[in-house]
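Undergrad: So for the sequence shown, the working numbering puts the first residue at 56; every next one is plus one. Virtual Cβ for every residue (Gly too), placed ideally from N, Cα, C. Note that the coordinates shown come from a computational prediction; the quantities given were computed from them, not determined experimentally.
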Amino acid sequence: MALASSAETRPLFLACQIAFWLTPQSSPSFASDPALAIAASISFRVLVMKEIENTLACEYQHECLSDNRVGSVIDNRVIANPMSGNEIRQRREALGLTQEQLAQRAGTNQQTLHRIETGETKHSRAIPRILKALEDAGSPTPPAVQVANDPEIFARATGIGGDVPVYAAAEGGPGEMVVEKSPIDYAPRPEPLQGVKDGYLVYISGESMSPEYRPGQRAIVHPKLPPTPDETHIFYTNNPADDRATIKHLVRVTPEAWHVEQWNPPKKFTLDRSEWPVAHRVVGKYARR
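(1) Can you look up Ala74 in the DSSP assignment and give me helix, strand or coil?
(2) Can you give me the C-alpha to C-alpha distance between Val125 and Met138, rounded to a whole angstrom?
(3) Look at Gly193 and Ile171 and say whether their C-beta atoms are less than 8 Å apart.
(4) Can you name, in chain order, every residue of its own chain whose Cβ lies under 6 Å from the Cβ of Glu235, other than the five neighbours on each side?
(5) In whole angstroms, what separates the C-alpha of Thr163 from that of Ala181?
(6) Would Leu102 be called buried (16 or more neighbouring beta carbons within 10 Å of its own) or exposed?
(7) What do you reckon, are the CB atoms on Leu20 and Leu152 nearer than 8 Å?
(8) Along the chain, where does the beta strand (DSSP E) that runs through Ile239 open and close?
(9) Along the chain, where does the alpha helix (DSSP H) containing Ile143 start, and where does it finish?
(10) Would you give the residue range spanned by the beta strand (DSSP E) that Thr283 belongs to?
(11) Just to confirm, is the Cβ distance from Val219 to Tyr255 under 8 Å?
(12) In angstroms, rounded to a whole number, what distance separates the CA positions of Gly227 and Gln317?
(13) When you compare the segment 283-293 with the segment 240-251, are there three or more beta-carbon pairs, one atom per stretch, that lie closer than 8 Å?
(14) For Ala334, count neighbouring C-beta atoms within 10 Å of its own C-beta (all shown protein chains included) and say buried if the count is 16 or more, exposed if not.
(15) Just reading off the beta strand (DSSP E) that Lys323 is part of, what are its end residues?
(16) Classify Ile275 as helix, strand or coil using the three-state DSSP reduction.
(17) Given a cut-off of 8 Å on the beta-carbon distance, is the pair Pro245 and Ser260 in contact?
(18) What do you reckon, are the CB atoms on Thr19 and Gly230 nearer than 8 Å?
(19) Checking the sheet assignment: what are the DSSP bridge partners for Gln317?
(20) If you draw a straight line from the alpha carbon of Glu330 to that of Pro278, how long is it in whole angstroms?
(21) Beta carbon of Ile289, beta carbon of Val276: below 8 Å?
(22) When you compare the CB positions of Ala274 and Val257, do they come within less than 8 Å of one another, or not?
(23) Mind reading off the beta-carbon distance from Arg299 to Thr309? Whole number of angstroms is fine, and I expect it under 8 Å.
(24) Please confirm whether Tyr341 and Gln272 have their CB atoms less than 8 Å apart.
(25) Please report the residue range of the beta strand (DSSP E) in which Thr359 lies.
(26) Is the separation between the beta-carbon of Arg147 and that of Leu186 shorter than 8 Å?
(27) Excluding the 5 residues flanking Arg144 on each side, which residues of the same chain have their C-beta closer than 7 Å to its C-beta?
(28) DSSP on Leu248, reduced to helix/strand/coil?
(29) Report the option in His178, Ala161, Glu267 whose CA atom is closest to the CA atom of Arg343.
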């Protein structure tokens, strides 16, 4: 029995099928065997329901495939798509994507996308993913992603990239120096400060740490490392109005004091941690210009 081929003939076709199958048939075996008649009646109804379902499904598929729009197959059903192949191509080009780029985002290949855009393929399982990829590509980039993708913005926002500030220093009291609060210059970020927030350079003033650190050299300072014995540090006061600092070699640490030493003249002494609470480790130096 042929299936219906259009929306106009489908109702009449189904009515004829139902009438045929539900009309009592003259059969000696049915009359002589009631059980067989009941079974046959149930089978007829099952067949009717399956034929109705199959007919509707085929008719639905026929209507979708005869449309000029792109369709996609989902769970073996043909679903009409709101975008034609040409519209998909226009949208892709407006987003500045190549066929290869969009296909990669959609988890398909360039050949499949090309056939969809040119109309060679009217239905494909890849179309829902292609439309989702177009939607995602058209969404505005979140600010956090913009920061991560732009090195200059990332450096300014996080302080862990780009050039580092350079601070001037003048000789203060014995073994001390006065560090400017505002940078006088910026220098390319040295390797020890890669990815380090708030790293900086400071000009050495005074001879107390010569010959290891001479006046005019720039110390590379990593402020995030913990104070460590047998390393050189720059110590700061906690008074915002006090610009004093001192660069010394740390010998050991106690709760009350930094035990330090200097090279010129050789001397060991302590710095009261209540007066000098901040210790920034020196991780390198630049030679004098």
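TA: So, to answer that:
(1) Here residue 74 refers to the residue found at position 19 of the sequence shown. Residue placement at Ala74 is flagged as unreliable, the pLDDT there being 48, under the threshold of 50; a coordinate-derived value is accordingly withheld.
(2) The residue labelled residue 125 in the question sits at position 70 within the sequence shown. The residue labelled residue 138 in the question sits at position 83 within the sequence shown. With a pLDDT of 44 at Val125, under the threshold of 50, the modelled position of this residue cannot be trusted, and the question is left open.
(3) Translated into the one-based positions of the sequence shown, residue 193 becomes position 138. Translated into the one-based positions of the sequence shown, residue 171 becomes position 116. Not in contact: Gly193 and Ile171 (Cβ atoms no closer than 8 Å).
(4) Locating residue 235 in the sequence shown gives position 180, where the first residue counts as 1. Around Glu235: Tyr222, Ala223.
(5) Indexing the sequence shown from 1 puts residue 163 at position 108. Indexing the sequence shown from 1 puts residue 181 at position 126. When rounded, the distance between both Cα atoms is 7 Å.
(6) Start at 1 with the first residue of the sequence shown, and residue 102 comes out as number 47. Reliability of the predicted coordinates at Leu102 is poor, the pLDDT of 48 falling under 50, and the value obtained from them is presented with this limitation in mind. Exposed: under 16 other Cβ atoms inside 10 Å.
(7) The question about residue 20 has no answer here: the residues shown for the chain are numbered 56 through 344.
(8) Position 184 of the sequence shown, counted from the first residue, corresponds to residue 239. Taken as a continuous stretch (DSSP letters only), Ile239 belongs to no beta strand (DSSP E), as it is neither H nor E.
(9) Taking the sequence shown and counting its residues from 1, the one referred to as residue 143 is at position 88. Here the alpha helix (DSSP H) through Ile143 covers 140-149.
(10) Counting from one through the sequence shown, the residue named residue 283 turns up at place 228. No beta strand (DSSP E) holds Thr283; DSSP gives it neither H nor E.
(11) Against the sequence shown, residue 219 aligns to sequence position 164. Against the sequence shown, residue 255 aligns to sequence position 200. For Val219 and Tyr255, yes; Cβs fall inside 8 Å.
(12) Position 172 of the sequence shown, counted from the first residue, corresponds to residue 227. Position 262 of the sequence shown, counted from the first residue, corresponds to residue 317. Those two C-alpha atoms are separated by around 16 Å.
(13) no
(14) By one-based count along the sequence shown, residue 334 stands at place 279. Its Cβ being crowded by 16 or more others within 10 Å, Ala334 is buried.
(15) As a working note, residue 323 is residue 268 in the sequence shown. Its beta strand (DSSP E) spans residues 321-327.
(16) To locate residue 275, count along the sequence shown from 1; it is residue 220. Note: Ile275 maps to strand in three-state DSSP.
(17) As a first step, residue 245 is located in the sequence shown; it is residue number 190 there, counting from the start. As a first step, residue 260 is located in the sequence shown; it is residue number 205 there, counting from the start. Cβ atoms of Pro245 and Ser260: not closer than 8 Å.
(18) This structure cannot speak to residue 19, because the chain is shown only from 56 to 344.
(19) As a first step, residue 317 is located in the sequence shown; it is residue number 262 there, counting from the start. Paired residues: Lys322.
(20) As a first step, residue 330 must be located in the sequence shown, where it is residue number 275. As a first step, residue 278 must be located in the sequence shown, where it is residue number 223. Whole-angstrom Cα-Cα distance: 18 Å.
(21) Locating residue 289 in the sequence shown gives position 234, where the first residue counts as 1. Locating residue 276 in the sequence shown gives position 221, where the first residue counts as 1. For Ile289 and Val276, yes; Cβs fall inside 8 Å.
(22) Translated into the one-based positions of the sequence shown, residue 274 becomes position 219. Translated into the one-based positions of the sequence shown, residue 257 becomes position 202. Yes. Within cutoff.
(23) The residue you call residue 299 lines up with position 244 of the sequence shown. The residue you call residue 309 lines up with position 254 of the sequence shown. No, Arg299 and Thr309 are not in contact; Cβ-Cβ is about 22 Å, not under 8 Å.
(24) For the purposes of this step, residue 341 is identified with residue 286 of the sequence shown, where counting begins at 1. For the purposes of this step, residue 272 is identified with residue 217 of the sequence shown, where counting begins at 1. A contact, by the Cβ cut-off of 8 Å.
(25) Here the chain covers residues 56 to 344 and nothing more, so residue 359 does not appear.
(26) Against the sequence shown, residue 147 aligns to sequence position 92. Against the sequence shown, residue 186 aligns to sequence position 131. Not in contact: Arg147 and Leu186 (Cβ atoms no closer than 8 Å).
(27) Numbered from 1 along the sequence shown, position 89 holds the residue referred to as residue 144. Here the set comprises Glu172.
(28) As a position in the sequence shown, residue 248 is number 193, starting the count at 1. Three-state result, Leu248: helix.
(29) The residue labelled residue 343 in the question sits at position 288 within the sequence shown. Comparing Cα positions, the closest option is Glu267.
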